[in-house]
Each structure stands twice: as C-alpha cells, then as structure tokens.
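> One structure coming up, written as structure tokens, with questions to follow.
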Amino acid sequence: MKSRVLILGAGFGGMELATLLSQALGEDANVTVIDKRDSFVFGYSRIDVMFGKTTLDEVGMPYASFVKPGITLVRETITSIDATAKRVTTDGGIYEADFLVIALGADYDMAATPGLAEHGNEFYSDAGADRLRDVLPEFSSGPLIVGICGFPYKCPPGPSECALTLHHYLTERGIREDCDITFVSPLSSPMPASAEMAQALMDSFEEFGIRLLRQRTVVRLEPGVAVLDDGTELPFALFLGVPKHQPPQVVFDSGLTEDGWVPIDLPTLETSFPGVYAIGDMAATGLPKSGTFAESAARSVSTSILARIAGNKAERNTGTGTCIVEYGDGRVSYAQLDFLTGPKLEAIYHPPSIAGKNFKQAFDDTRRARWFGQ
Ligand SMILES: Cc1cc2nc3c(=O)[nH]c(=O)nc-3n(C[C@H](O)[C@H](O)[C@H](O)COP(=O)(O)OP(=O)(O)OC[C@H]3O[C@@H](n4cnc5c(N)ncnc54)[C@H](O)[C@@H]3O)c2cc1C
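Each step along the sequence shown adds one to the number in the UniProt record's numbering, with nothing skipped, and position 54 is 54.
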C-alpha cells in the first residue's frame with residue numbers, strides 16, 4: 001500500500017514539499033495537501049500592494065493551478081491535529097496519515113498590542129496591506145512610524161523594505177519634507193544575520209533621513225501615540241505595524257507548542273511524535289522566518305520521507321535561505337545565508353542594484369513555474 005503523506009498548509013514549505021514528493025514518486029505518491037485559502041501570495045507582494053503598485057488579485061496564484069501527479073490539494077480549514085494518531089480533522093472531514101507534515105505558517109496576535117487594531121495599521125496580512133492602499137494616498141503630513149510589535153517575526157528585513165519604500169513613495173508625491181519617518185525595531189540591527197546588509201540599510205536610513213530606534217518594541221498604541229517597551233512615547237499621524245506573531249490557533253489547541261512555537265529536532269525537523277514533522281514559520285528553529293528557509297526545511301523532510309518509504313538517504317536540514325531587500329527605488333539587495341552546513345553562519349551579501357531586482361524577479365518566476373506551471 002502507498003504511504004499516505006498529509007501536508008497541512010500550502011505555503012512556501014507545503015508547496016515545495018508536495019512538489020518534491022511528486023517529482024520523486026509521480027503517480028505513486030499519495031499526498032494530500034490541506035489549505036483554507038484559495039490562492040497563494042508571496043509575502044513581499046504585500047509591500048507592493050500597500051503602496052498601490054499592484055493588487056491582491058494581480059499577485060494571487062490560484063491553488064486550482066497547483067496540479068501535480070500524486071498530489072491532491074483540498075480547500076478546507078483544519079480544526080484539530082492529533083499528532084499521536086497522525087489524524088487531522090477539518091471542516092470537511094477526517095484525514096489519517098503515515099507521515100504528517102505541519103506547515104501552517106505564523107498568524108498575527110493583534111490583541112497582544114493594545115490599540116494596534118483601533119489606532120494603527122498592519123501591513124503583514126493581505127487584508128492589512130489592501131486596506132493601506134486606500135489609507136496611504138490620503139496621508140499628507142506628520143510623523144510616521146514603521147513599528148515592530150514583537151520578535152520573532154517573518155522576513156527580518158521586511159519592515160526595512162517598508163520604511164525605504166515609504167521614503168520614496170512620499171518623495172514621489174512631493175510631501176517627504178512634511179513627514180518624519182521613525183523605524184522602531186526590537187533587533188540590534190536591521191539584519192543581524194548579515195553585518196554588510198545591516199550596515200548598507202543603516203547607511204540608507206541615514207541618507208534618506210529615516211530615524212532608526214533599535215532594541216525597542218512597540219507595546220501599546222494610544223490615539224496618535226506609540227508607547228515603547230522602555231516607556232518612550234512617540235507621536236504619530238500614521239502607524240504602520242508588524243503585529244506580534246504566533247502559530248495558528250489550531251496548532252496551540254493541539255498541544256504542539258512549547259514556549260510559543262513547535263519544538264523540532266533541528267537537523268531533521270521531526271517533532272517529538274515519530275513521523276510528524278514541522279516546517280516553516282511555526283517551527284522553533286531559531287532561524288529566520290522566511291519562505292526560503294521553509295523551502296530548505298521542505299527539502300530535508302522530503303528526503304526523510306522518501307528514505308523511509310524507499311530506503312533513500314535522508315539529508316539533514318541545511319538551514320539555507322536568501323533574504324531579499326527591496327529598496328523601493330528599483331534596486332534590490334540580497335544575502336545568501338547558510339546557518340547549519342558549516343561550523344558557523346555563512347553570509348554572502350549582494351549590495352543593492354538593478355541586477356538584484358532581476359534576481360528577485362527570477363526568484364518569483366521560478367516558484368510560479370515550479371508550483372503553478374505559469
Ligand atoms: C511583508 C512580507 C515580506 C516577506 N518577504 C519575504 C521574502 O522576500 N523572501 C522570503 O523568503 N520570505 C518573505 N516573507 C516571509 C514568508 O512569506 C514566510 O516566511 C513564508 O510564507 C513561510 O512559509 P510557511 O510555509 O511556513 O507558511 P505560509 O507560507 O504562511 O503558509 C501557511 C499556510 O497554512 C494555511 N493555514 C493556516 N492555518 C490553517 C488552517 N487552520 N487550516 C487550513 N490552512 C491553514 C495558510 O492559509 C497558509 O497558506 C515575507 C513576509 C511578509 C509578510
């Protein structure tokens with residue numbers, strides 16, 4: 001009998017894993033992928049959406065096009081996960097598996113930052129980015145804050161991209177001199193994994209007059225005022241926030257978390273339940289929460305599952321990924337990171353350039369073609 005593989009979540013991690021299993025096993029694969037959404041959106045597209053450069057409809061890739069031998073994708077909401085029995089309940093039925101891979105990403109805990117929903121905006125969700133398409137054009141003057149409300153959060157340089165793009169957006173509208181931009185980050189640098197990328201970002205902030213407050217978290221919003229963890233009060237006319245992150249509620253409710261995230265064995269991504277893996281943003285890896293790291297986890301888990309099915313060799317999680325930074329003026333920088341292969345972190349930095357933009361476009365095109373045949 002074919003081994004049943006159940007993948008929860010069709011994001012970066014889930015789609016890459018399903019693709020790899022389909023490539024290896026073809027019609028012999030027996031893989032079911034469950035996701036509640038009807039389309040996939042690259043996280044970075046939300047920055048383009050909020051600044052009115054595109055729409056969610058334009059950037060969304062319908063899951064109906066995710067068609068691969070041996071893979072069934074169902075659109076259902078997962079309501080409980082029994083890791084011991086490898087049994088999953090959804091609003092559409094019950095699924096049982098021989099291998100269970102949980103790749104449900106990270107959700108946002110708006111309530112953790114009182115006042116954020118009432119007095120501020122967030123740009124990390126589709127809905128938040130879409131709302132800002134209407135809010136930003138109405139803005140004309142005053143202090144703006146790009147503020148992070150908790151760590152860890154997805155894509156460490158994402159908020160820096162927002163601050164830089166905001167500068168260029170306001171400049172193009174001819175109102176930059178009427179606005180101050182402050183960027184509040186809990187991190188010691190805008191990109192701790194690459195000192196060169198961090199320095200280049202800080203140089204750009206200085207050049208563009210963006211004030212950076214490091215090692216500070218936004219803990220509360222009052223009307224027109226952001227309160228930081230050291231008690232500092234910063235006035236704002238517009239607040240653009242990154243909400244505190246947490247795993248989806250169903251993951252908490254299923255008892256899979258410890259200290260907020262899902263514990264795994266870092267080299268194999270296996271949880272304490274045999275044959276149950278956790279990959280991507282919800283796994284407690286200590287690595288950046290980003291799509292490319294979810295993909296590298298998917299590569300490792302695919303070799304583990306194939307090894308168990310057919311006796312191939314399992315590969316350890318390499319902890320590799322690429323952090324891409326949009327400067328908002330046509331240039332893109334990126335750093336290729338390798339956390340786990342060698343004795344220490346390796347980071348290869350590529351400064352902002354138009355060639356970097358081409359690299360990002362190729363990144364986008366490759367995944368569209370690989371997952372959706374576009
Ligand atoms: C503004 C921004 C910019 C970013 N820029 C980059 C970048 O340049 N490069 C990069 O690599 N990463 C970037 N990221 C991060 C990247 O999007 C995430 O790290 C990545 O999507 C994580 O992959 P994942 O597979 O863990 O989860 P996800 O891709 O989030 O997928 C999780 C899936 O699980 C589904 N799901 C959740 N709960 C349920 C449920 N109960 N029932 C059914 N389905 C459910 C969701 O619908 C979702 O499709 C960015 C993110 C943001 C917000």
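For every residue, glycine included, the Cβ atom is placed at its ideal position computed from N, Cα and C.
If you drop the 5 nearest sequence neighbours on each side, which residues of the same chain put their C-beta closer than 6 Å to that of Pro-248?
Position 248 of the sequence shown, counting from 1, holds the residue named residue 248. Within the same chain, Pro-248 has close Cβ partners Leu-104 and Asp-107.
> Return helix, strand or coil for Ala-106, following the three-state DSSP convention.
Within the sequence shown, numbered from 1, the residue matching residue 106 stands at position 106. The answer is coil: DSSP assigns Ala-106 none of H, G, I, E or B.
> With three or more beta-carbon pairs closer than 8 Å as the criterion, would you say the stretch 64–74 touches the stretch 13–26?
With the rule of 3 Cβ pairs closer than 8 Å, the stretch 64–74 counts as touching the stretch 13–26.
> Is it buried or exposed, Ser-290, if we count other Cβ atoms within 10 angstroms and call 16 or more buried?
In the sequence shown, residue 290 corresponds to position 290, counting from 1. So Ser-290 counts as buried.
> When you compare only the Cα positions, how much space is there between Ala-83 and Arg-4?
Counting from 1 along the sequence shown, the entry for residue 83 is found at position 83. Counting from 1 along the sequence shown, the entry for residue 4 is found at position 4. Going by the C-alpha atoms only, they are around 15 Å apart.
> Using the Cα positions of Cys-155 and Pro-190, report the straight-line distance between them to the nearest angstrom.
Taking the first residue of the sequence shown as position 1, residue 155 is located at position 155. Taking the first residue of the sequence shown as position 1, residue 190 is located at position 190. Each residue's alpha carbon lies about 11 Å from the other.
> For Leu-221, which option in Arg-214, Arg-211, Leu-201 and Val-242 has the closest C-alpha, if you only look at C-alpha atoms?
Numbered from 1 along the sequence shown, position 221 holds the residue referred to as residue 221. Of all alpha-carbon atoms in Arg-214, Arg-211, Leu-201 and Val-242, the one lying nearest the alpha-carbon of Leu-221 is that of Val-242.
> In chain order, which continuous runs of the beta strand (DSSP E) of length 3 or greater are located wholly inside the stretch 335–362?
346–353
> I think Gly-13 touches Ala-297, with their Cβ atoms under 8 Å apart; what is that distance to the nearest whole Å?
Within the sequence shown, numbered from 1, the residue matching residue 13 stands at position 13. Within the sequence shown, numbered from 1, the residue matching residue 297 stands at position 297. Contact holds; Cβ gap of about 6 Å.
> Are the stretch 174–192 and the stretch 128–143 touching by the rule of at least three beta carbon pairs closer than 8 Å?
Verdict: yes, contact present.
> What are the uninterrupted segments assigned as alpha helix (DSSP H) that are 4 or more residues long and contained completely in the stretch 190–269, given in chain order?
Taking 4 residues as the shortest admissible run, the stretch 190–269 contains the following complete alpha helix (DSSP H) segments, listed from N- to C-terminal end: 195–207 and 249–253.
> Would you give the residue range spanned by the beta strand (DSSP E) that Phe-139 belongs to?
By one-based count along the sequence shown, residue 139 stands at place 139. No beta strand (DSSP E) holds Phe-139; DSSP gives it neither H nor E.
> Give the C-beta separation of Phe-40 and Ala-10 to the nearest angstrom, bearing in mind that I take them to be a contact with Cβ-Cβ under 8 Å.
Working through the sequence shown from its first residue, we reach residue 40 at position 40. Working through the sequence shown from its first residue, we reach residue 10 at position 10. Indeed they touch by this definition, with Cβ atoms about 7 Å apart.
> Measuring alpha carbon to alpha carbon, tell me which of Leu-164, Asp-230 and Ile-145 ends up nearest Phe-205.
Against the sequence shown, residue 205 aligns to sequence position 205. Minimum Cα distance to Phe-205 is reached at Leu-164.
> Would you mind reading off the limits of the beta strand (DSSP E) that contains Ile-324?
Counted from its first residue, the sequence shown places residue 324 at position 324. Where Ile-324 is concerned, the enclosing beta strand (DSSP E) stretches over 320–326.
> For Thr-366, is the classification buried or exposed, using 16 other Cβ atoms within 10 angstroms of its Cβ as the cut-off for buried?
Translated into positions along the sequence shown, residue 366 becomes position 366. Exposed, since its Cβ has fewer than 16 Cβ neighbours within 10 Å.
> Between Ile-264 and Thr-257, is the Cβ-Cβ spacing less than 8 Å?
Here the question's residue 264 lines up with position 264 in the sequence shown. Here the question's residue 257 lines up with position 257 in the sequence shown. In this structure, Thr-257 does not lie closer than 8 Å to Ile-264 by Cβ.
> Buried or exposed: which applies to Lys-2, given that a residue is buried once 16 or more other Cβ atoms fall within 10 Å of its Cβ?
Numbered from its first residue, the sequence shown carries residue 2 at position 2. Lys-2 comes out exposed.
> Please state the DSSP three-state secondary structure of Thr-303.
Along the sequence shown, one-based indexing puts residue 303 at 303. Thr-303: helix per DSSP, three-state reduction.
> Considering only heavy atoms of ligand 1, does any lie closer than 7 Å to the CB of Tyr-108?
Here residue 108 is taken as the residue at index 108 of the sequence shown, counted from 1. The answer is no for Tyr-108.
> Give the DSSP-derived three-state secondary structure of Thr-79 in the structure shown.
Taking the first residue of the sequence shown as 1, we reach residue 79 at position 79. The answer is strand: DSSP assigns Thr-79 an E or B state.
> How is Phe-273 classed by DSSP in three states: helix, strand or coil?
Counting from 1 along the sequence shown, the entry for residue 273 is found at position 273. Coil at Phe-273, not helix or strand.
> Run the proximity test for Cys-155: is its beta-carbon closer than 7 Å to any non-hydrogen atom belonging to ligand 3?
Ligands in the displayed structure: ligand 1; ligand 3 is not one of them.
> May I ask whether a heavy atom of ligand 1 can be found less than 7 Å away from the beta carbon of Lys-36?
As a position in the sequence shown, residue 36 is number 36, starting the count at 1. Yes, the Cβ of Lys-36 comes within 7 Å of a heavy atom of ligand 1.
> CB-CB under 6 Å to Pro-288, same chain, minus the five flanking residues each way: which ones, in chain order?
Indexing the sequence shown from 1 puts residue 288 at position 288. Counting only Cβ-Cβ distances below 6 Å, and skipping sequence neighbours, we find Pro-156.
> Can you give me the C-alpha to C-alpha distance between Glu-16 and Ser-185, rounded to a whole angstrom?
Position 16 of the sequence shown holds residue 16. Position 185 of the sequence shown holds residue 185. In a straight line, the C-alpha of Glu-16 is about 31 Å away from that of Ser-185.
> Could you check whether the stretch 106–126 touches the stretch 208–215, counting it as contact only if at least three pairs of C-beta atoms, one from each stretch, sit closer than 8 Å?
no
> Check whether the Cβ of Ser-290 lies closer than 7 Å to any heavy atom of ligand 1, and answer yes or no.
The residue labelled residue 290 in the question sits at position 290 within the sequence shown. At least one heavy atom of ligand 1 is nearer than 7 Å to the Cβ of Ser-290, so yes.
> Taking the C-alpha atoms as reference points, what is the distance between Arg-211 and Ser-302?
Locating residue 211 in the sequence shown gives position 211, counting from the first residue. Locating residue 302 in the sequence shown gives position 302, counting from the first residue. So the alpha carbons of these two residues sit roughly 44 Å apart.
> Could you tell me if the beta carbon of Val-250 falls within a distance shorter than 7 Å of some heavy atom in ligand 1?
Here residue 250 refers to the residue found at position 250 when the sequence shown is read from its first residue. Yes, the Cβ of Val-250 comes within 7 Å of a heavy atom of ligand 1.
> For Arg-370, which three-state DSSP category applies?
Taking the sequence shown and counting its residues from 1, the one referred to as residue 370 is at position 370. Note: Arg-370 maps to helix in three-state DSSP.
> So the candidates are Ser-188, His-167 and Ala-284; which of them puts its Cα closest to the Cα of Asp-180?
Position 180 of the sequence shown, counting from 1, holds the residue named residue 180. Per the Cα distances, His-167.
> Looking at Arg-46 and ligand 1, is the gap between the Cβ and the nearest heavy atom below 7 Å?
The sequence position of residue 46 within the sequence shown is 46, counting from 1. Yes, Cβ of Arg-46 sits closer than 7 Å to a heavy atom of ligand 1.
> Taking the alpha-carbon of Asp-364 as reference, which of Asp-28, Val-59 and Val-101 has the nearest alpha-carbon?
What you label residue 364 is simply residue 364 of the sequence shown in a count that begins at 1. The shortest C-alpha separation from Asp-364 is found at Val-59.
> Which partner residues does Lys-289 have in the DSSP bridge list?
The count along the sequence shown starts at 1 and reaches residue 289 at position 289. According to DSSP, which records beta bridges pairwise, Lys-289 is partnered with Lys-154.
> In this structure, does DSSP put Arg-133 in helix, strand or coil?
To locate residue 133, count along the sequence shown from 1; it is residue 133. In the structure shown, Arg-133 falls within a helical segment according to DSSP collapsed to helix, strand and coil.
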